[in-house]
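Protein chains in written order, with full-length UniProt numbering: chain A, 1 to 589; chain W, 1 to 119.
Structural data, given as structure tokens:
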């Protein structure tokens with residue numbers, strides 16, 4: 001595998017970075033943008049992440065128009081906030097009717113426009129507008145998007161029959177395009193945007209991952225989904241690859257061995273693309289100088305941050321708390337690649353060992369619960385999986401069976417169109433999730449939720465559906481109506497937020513905590529996974545890593561109000577009961 | 001030509017698939033409205049999400065909302081006269097207005113559609 005260098009920079013005018021939180025997507029996008037700008041090309045760097053830390057990196061306030069970055073000629077940056085866009089969009093839809101329709105009616109409209117679909121569509125709208133706005137684009141040689149649109153938004157906007165139904169004939173089944181109504185004049189823009197994304201001479205999709213089994217699996221999934229939609233010009237960047245420097249340090253050797261093993265079983269979907277790596281750096285890439293040096297392979301002199309000797313609570317403290325408080329439902333939440341499934345498995349294993357009957361389930365499409373437990377049978381633990389694909393298929397079958405009792409061919413065609421909407425997956429997964437909670441009442445349930453925004457979509461859905469239940473004429477399963485009150489009961493439900501001791505995962509986890517609080521869910525613990533801080537090492541690289549972690553551990557201590565525990569990085573992937581037990585920390589001290 | 005206008009609350013989709021469960025009433029409505037299109041009647045549904053303007057322009061529905069709020073929806077007007085509110089009309093009512101038999105209103109599908117691979 002080659003190091004990513006100047007000669008590998010893609011030459012398409014549009015670069016999209018995709019990858020899960022914590023893989024270093026923003027660092028790579030910024031560093032590459034700086035490198036290209038340094039060559040004299042005019043670069044526009046765009047983030048559509050509401051938790052974007054571009055402002056922190058550049059130490060500048062950004063807005064939704066290009067702002068010149070101080071200290072780098074030719075580099076401009078822009079921050080798009082999809083939630084703000086959704087808010088504006090909602091106002092644009094409802095505003096004209098204030099005073100013309102009664103308040104209760106306006107409220108009903110607003111509720112309908114508060115779903116995840118609206119946020120996603122509003123974000124895509126902003127993004128498509130930028131992608132096709134010649135007055136902006138023509139000023140730049142390269143436009144770098146620090147995030148890719150998800151496959152399902154693109155799919156929604158590509159439903160040509162739905163569009164024509166909606167536009168030409170909206171007196172019958174208008175399909176699930178309610179939130180799109182206000183975007184109708186932009187139909188051409190979407191078409192152009194989608195064409196531009198598919199054109200290999202125009203767009204390169206940069207898949208960012210870590211040399212670790214699960215981030216690689218997730219990269220493969222994103223790659224596949226976007227490939228199917230037509231974005232086929234993809235490049236794989238493996239970030240944080242540690243080269244063997246013939247160190248005698250046990251931990252460093254183990255670190256290299258783990259990444260080598262992960263890369264040996266790289267998913268086949270990724271093999272067809274060019275693959276490059278960017279080297280592991282033990283410090284955070286939080287300044288222009290560091291990012292420049294990283295991309296161009298220069299040495300960096302870095303300041304040592306003093307170790308303030310903070311005591312780091314071990315994960316067993318959290319287990320003891322669960323044993324005492326006995327929540328019935330435990331969530332592990334956090335962005336992809338932070339190790340939620342491992343943490344969920346550990347909690348299930350340890351509570352089961354204390355005699356509690358446990359049920360462990362996941363909504364993560366890249367789930368690997370069996371992998372986590374290995375071949376070990378664990379007493380008191382049952383395991384299940386909510387597979388979005390299976391749930392959608394079940395839901396579709398159920399709907400069609402019911403619909404065909406009363407509908408003709410044309411009617412079914414409308415139903416079919418609605419079923420192709422992104423809402424269907426949410427609903428199907430949501431119902432499956434409610435059923436698990438309902439059906440395992442005699443066990444303590446641990447839910448390992450899917451990465452990305454999925455978790456929050458589920459909660460939004462819960463809220464929205466709960467409100468609707470009172471007036472719906474459909475058959476509401478008790479599992480659904482019982483769910484939200486249970487989730488909001490702090491003695492019933494406890495959330496563990498999993499993060500890594502690094503900038504982006506901590507920022508994202510902080511935002512997640514705020515969202516959860518807004519949704520009325522209480523966060524019990526923060527779990528800092530894969531820390532090096534409590535490990536004895538002589539590796540100069542890893543010692544620097546420990547120093548860099550200090551800042552983030554302190555940050556987490558404060559944000560979590562001291563309700564945090566840490567799990568050390570382990571030499572071998574935590575598989576099987578023995579491997580999971582090593583996460584306690586005492587074995588490697 | 002007879003006109004049937006149905007004013008509905010804000011919904012994501014008119015088939016009701018996006019609700020917490022499948023709403024058989026909404027499925028029935030999609031179906032009935034489709035069959036009514038084959039007659040020479042004007043049969044229209046106005047969803048508050050998609051067509052709020054219809055709720056402003058039609059004085060009768062506007063008045064109804066002002067006095068009774070959301071509970072009045074769905075509201076059905078036949079040739080401008082409010083004949084059903086707070087629920088969808090029955091098949092018998094549709095039959096009476098349209099001249100179609102209830103069987104014709106509830107025609108069975110001719111083919112089953114495959115969901116996979118052709119979306």
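Note that beta-carbon positions come from the ideal geometry of N, C-alpha and C, so glycine has one too.
Outcome for residue i when other beta-carbon atoms lying within 10 angstroms are tallied against a minimum of 16
i: residue 340 of chain A; result: buried
i: residue 207 of chain A; result: buried
i: residue 99 of chain W; result: exposed
i: residue 71 of chain A; result: exposed
i: residue 40 of chain A; result: exposed
i: residue 562 of chain A; result: exposed
i: residue 401 of chain A; result: exposed
i: residue 123 of chain A; result: buried
i: residue 95 of chain A; result: exposed
i: residue 93 of chain A; result: buried
i: residue 219 of chain A; result: buried
i: residue 523 of chain A; result: buried
i: residue 323 of chain A; result: exposed
i: residue 233 of chain A; result: buried
i: residue 546 of chain A; result: buried
i: residue 478 of chain A; result: exposed
i: residue 25 of chain A; result: buried
i: residue 4 of chain W; result: buried
i: residue 396 of chain A; result: buried
i: residue 51 of chain W; result: buried
i: residue 265 of chain A; result: exposed
i: residue 4 of chain A; result: buried
i: residue 260 of chain A; result: exposed
i: residue 91 of chain A; result: exposed
Under 9 Å by beta carbon: chain A residues contacting residue i
i: residue 180 of chain W; result: No information on residue 180 of chain W is available, as it lies outside the stretch 1 to 119 that chain W covers here.
i: residue 10 of chain W; result: 105, 108, 109, 110, 111, 112, 113 and 178
i: residue 48 of chain W; result: 101, 105, 108, 109 and 112
Contact list for residue i against chain W, beta-carbon separation under 8 Å
i: residue 389 of chain A; result: Within chain W, no residue comes near residue 389 of chain A; the closest Cβ sits about 11 Å away, beyond 8 Å.
Contact list for residue i against chain A, beta-carbon separation under 7 Å
i: residue 69 of chain W; result: 102 and 104
Residue i versus the options, residue with shortest Cα-Cα distance
i: residue 137 of chain A; options: A:76, A:105 and A:82; result: A:76
i: residue 77 of chain W; options: W:104, W:37, W:42 and W:31; result: W:42
i: residue 9 of chain A; options: A:19, A:37 and A:564; result: A:37
i: residue 379 of chain A; options: A:358, A:249 and A:364; result: A:358
i: residue 58 of chain A; options: A:347, A:447, A:211 and A:290; result: A:290
i: residue 498 of chain A; options: A:479, A:518 and A:531; result: A:531
i: residue 11 of chain A; options: A:85, A:139 and A:202; result: A:202
i: residue 381 of chain A; options: A:514, A:390, A:352 and A:220; result: A:352
i: residue 46 of chain W; options: W:97, W:93, W:9 and W:87; result: W:9
i: residue 316 of chain A; options: A:584, A:133 and A:195; result: A:584
i: residue 548 of chain A; options: A:32, A:286 and A:48; result: A:286
i: residue 6 of chain W; options: W:48, W:63 and W:95; result: W:48
i: residue 100 of chain A; options: W:50, W:31 and W:65; result: W:65
i: residue 34 of chain A; options: A:433, A:445, A:73 and A:18; result: A:73
i: residue 521 of chain A; options: A:441, A:483 and A:251; result: A:483
i: residue 237 of chain A; options: A:227, A:280, A:399 and A:198; result: A:280
i: residue 58 of chain W; options: W:70, W:84, W:80 and W:37; result: W:80
i: residue 231 of chain A; options: A:263, A:193 and A:248; result: A:193
Chain-ordered chain D contacts of residue i [CB-CB under 7 Å]
i: residue 97 of chain A; result: In summary, chain D is missing from the structure at hand, where the protein chains are A and W.
Listed by chain order, chain A residues near residue i by CB distance under 8 Å
i: residue 66 of chain W; result: 102
CB-CB length for residue i against residue j, believed under 8 Å
i: residue 127 of chain A; j: residue 54 of chain A; result: Not confirmed; about 16 Å, so no contact.
i: residue 528 of chain A; j: residue 559 of chain A; result: That belief does not hold up - the Cβ atoms of residue 528 of chain A and residue 559 of chain A are roughly 11 Å apart, past 8 Å.
i: residue 436 of chain A; j: residue 481 of chain A; result: So it is not a contact: roughly 15 Å between Cβ atoms.
i: residue 349 of chain A; j: residue 145 of chain A; result: So it is not a contact: roughly 41 Å between Cβ atoms.
i: residue 104 of chain A; j: residue 33 of chain W; result: Incorrect: roughly 26 Å between the Cβ atoms, too far for contact.
Residue i CB to nearest heavy atom of the ligand ZN below 6 Å
i: residue 136 of chain A; result: What this structure holds is no ligand at all, so the ligand ZN is not there to describe.
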